[in-house]
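S.K.: Got a structure here, written out as structure tokens. Questions coming.
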């Protein structure tokens, strides 16, 4: 099947790759070798081989297709994913898709799926049909007997993609599962037992951690014996194994979300009285920036000597933890972070009496995630919410280590080239660029930069109304819930009809997306409308010029901007994109030198826009600085994870 590729299998509950120590020199060489990558081996020959089989498979009836797939499956199970049998499987799946789904895979989709089965990342432009392309690899690997996990960035996409492709899997007798948040354990186990499982990256990783905890008291010898007897180690485990993962939006999952480990924890009785958190917030509110505390560009904050002295004076008549200078520094530092670094409707929202974290890269709420070391409780105190208990870590893993344990790992995305060296260095994944099926018709209009945020929002509102008046649909991308609701209020004041899609309205996401391509429709959205969102255009909108996308603030990652722009002009449709931003935006304030911002301000005060080429260089410079910082954070996370493993006595994935 998938083993026999030089893979060391770990001792444990089920089939997975062993952790392999990677030295710094090897990581560097991997990244360096990406300079010579970019094309898959024998891809042209493979596509021709599949196409040569098309007439033969088209001549068969449905039963003939199924019978032929059973024969191919037998070969795949005994001989592995050899090109000959994979080509036959692809030809059969393509013909079945044409009959069942009404969609025939294009040559570029054959190529993209073949790349997946080589254990690589397929970079396919947005709108090229990655979801359909993946079905070729999914059906083939499932026929080979692998437990196939199709990993998406959220539950909505997992359910949508599974539903869209369910008839194709059913045609070949493949069972299909979908795992979602809040699903009971027994139902999860049933879903994972199926041939193909669609699941979000977070749900999958947490379920793996649950397995590690549940099986933690079983010796390796017992686990091996159970696996030899029945294939699956124990009825208690959720997953069948880590055989094959096909990661949709691979750069988002493997790179953007890899900055922090995933942790399963339990609530502890809090040693601190709730009043202490409220006192810390109150005391921190008396401190002055630059005098009592300093705030760095990398979202860090610390007390100055004058600040430490001021705090000591403020708590001089208080007892308890405030007697300790160390506790003073710790609590006030957390309170300052809660007050000045974490903002409602940007980094979190309030849902009833709960503080819920918002993932900036996806715009979605992460209801089961909390900040560590008392920060979450400090934010709850700031917002007047009930204080939750602090938590103790039971198990943790990084995405880098988790996805590295799959016997075969492949991925698809429209934005991989910027992070290709890191994908190779950390995951040993190469990137193959897939050509487009049709010539892109997306028109990039000149960027516009305004002096202030208010000027920007006014310009965005005017521009959206102008384009919608032409019978086109407009998608406006914002970086935060707060920004989307601010723009919504401005539209309300002007009497402009519009729809808002953000973390508060995630239950109406499908309806909002379905209507976003109608004539004159204006949709204001956070990054929820970025990756994976396919806006279907009404014929009248297509004739009028297609979907127009307005980016209102550049992200720290250029890939997120490209994903938003990729909602327009999909699959050969017309469309246009533009950026209308402000010098007050966070990217410019944090990553552009003050002298350069001053120069841009002088230019804007004179009533002229900076040159388009010059301004894009400024944006590229700022984003490259931000990406370098995030890359350091991810590598630090990976190093800490390895140190944590060594501290627990783990070496190379084998328990001692």
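In the numbering used here, the protein residues as written are 1411 to 2066. Virtual Cβ for every residue (Gly too), placed ideally from N, Cα, C.
Could you give the residue range of the beta strand (DSSP E) that holds residue 1760?
M.R.: 1758-1761
S.K.: Curious, which full-length alpha helix (DSSP H) runs of at least 4 residues does the segment 1553-1632 contain?
M.R.: Segments of the alpha helix (DSSP H) lying fully in the segment 1553-1632: 1565-1581, 1595-1602, 1611-1624.
S.K.: Just list the residues that DSSP pairs residue 1675 with in beta bridges.
M.R.: Beta-bridge annotation (DSSP): residue 1675 is paired with 1803.
S.K.: So what's residue 1426 in DSSP terms, helix, strand or just coil?
M.R.: coil
S.K.: Which of the three DSSP states, helix, strand or coil, is assigned to residue 1898?
M.R.: helix
S.K.: In the DSSP assignment, find the beta strand (DSSP E) that holds residue 1982 and state where it starts and stops.
M.R.: It is not in any beta strand (DSSP E) - residue 1982 carries neither H nor E in the DSSP assignment.
S.K.: Out of 1663, 1457, 1759, state which residue places its alpha-carbon closest to the alpha-carbon of residue 1814.
M.R.: 1663
S.K.: So for residue 1524, helix, strand or coil by DSSP?
M.R.: helix
S.K.: Look at the alpha carbon of residue 1467 and the alpha carbon of residue 1808, and state the distance between them as a whole number of angstroms.
M.R.: 44 Å
S.K.: Within 8 Å, do at least three Cβ pairs link the segment 1694-1705 to the segment 1714-1724?
M.R.: yes
S.K.: Checking the sheet assignment: what are the DSSP bridge partners for residue 1705?
M.R.: 1711
S.K.: Can you have a look at residue 2015 and say buried or exposed, based on whether 16 or more other CB atoms are within 10 angstroms of its CB?
M.R.: exposed
S.K.: If you measure between the beta carbons of residue 1606 and residue 1548, is that distance less than 8 Å?
M.R.: yes
S.K.: According to DSSP, simplified to helix, strand and coil, what is residue 1989?
M.R.: strand
S.K.: Note down, one range per segment and in chain order, each beta strand (DSSP E) of at least 3 residues found wholly within the segment 1767-1798.
M.R.: 1774-1776
S.K.: With distances taken between CB atoms, is the gap from residue 1711 to residue 1750 smaller than 8 Å?
M.R.: yes
S.K.: Any idea what DSSP makes of residue 1537, helix, strand or coil?
M.R.: coil
S.K.: Can you give me the C-alpha to C-alpha distance between residue 1471 and residue 1583, rounded to a whole angstrom?
M.R.: 16 Å
S.K.: Could you tell me whether the segment 2021-2033 touches the segment 1648-1656, where touching means 3 or more Cβ pairs closer than 8 Å?
M.R.: no
S.K.: Cutting at 6 Å between CB atoms, please list the residues of its own chain near residue 1848, excluding the five before and the five after it.
M.R.: 1982
S.K.: Can you tell me whether DSSP reads residue 1658 as helix, strand or coil?
M.R.: strand
S.K.: Give the DSSP-derived three-state secondary structure of residue 2012 in the structure shown.
M.R.: helix
S.K.: Who does residue 1842 pair with in a DSSP beta bridge?
M.R.: 1532
S.K.: Starting from residue 1932 and walking both ways along the beta strand (DSSP E), at which residues does that stretch end?
M.R.: Counting along the chain, the beta strand (DSSP E) containing residue 1932 begins and ends at 1932-1935.
S.K.: Determine the DSSP secondary structure at residue 1958, reduced to helix, strand or coil.
M.R.: Three-state DSSP puts residue 1958 in a strand.
S.K.: Where does residue 1488 land, buried or exposed, given buried means 16+ other C-beta within 10 angstroms?
M.R.: exposed
S.K.: Expressed to the nearest angstrom, what Euclidean distance is found between the alpha-carbon atoms of residue 1620 and residue 1599?
M.R.: 12 Å
S.K.: Count the other CB atoms, across all protein chains shown, that sit within 10 Å of the CB of residue 1492; report buried if there are 16 or more and exposed otherwise.
M.R.: exposed
S.K.: Rounded to the nearest angstrom, what separates residue 1927 and residue 1900 at their Cα positions?
M.R.: About 22 Å.
S.K.: Can you tell me the Cβ-Cβ gap for residue 1779 and residue 1767, rounded? I've got them flagged as a contact below 8 Å.
M.R.: 5 Å
S.K.: Taking 7 Å as the limit between beta carbons, can you name the residues of its chain near residue 1797, skipping five residues before and five after?
M.R.: 1684, 1687, 1787, 1790, 1791
S.K.: Would you identify the three-state DSSP class for residue 1851, choosing helix, strand or coil?
M.R.: coil
S.K.: Give every residue of the same chain whose Cβ lies closer than 6 Å to the Cβ of residue 1888, excluding the five residues on either side of it in the sequence, and list them in chain order.
M.R.: 1894, 1936, 1962
S.K.: For residue 1846, tell me which candidate among 1755, 1824, 1856 has the shortest Cα-Cα distance.
M.R.: Nearest of 1755, 1824, 1856 to residue 1846, Cα basis: 1824.
S.K.: Whose C-beta lies closer than 6 Å to the C-beta of residue 1852 among residues of the same chain, with five residues either side of it excluded?
M.R.: 1978, 1979, 1985
S.K.: Under 8 Å by Cβ, that's how I've got residue 1666 and residue 1562 pegged, so tell me the actual separation to the nearest angstrom.
M.R.: Between residue 1666 and residue 1562, the beta carbon gap of about 14 Å keeps them out of contact (Cβ cut-off 8 Å).
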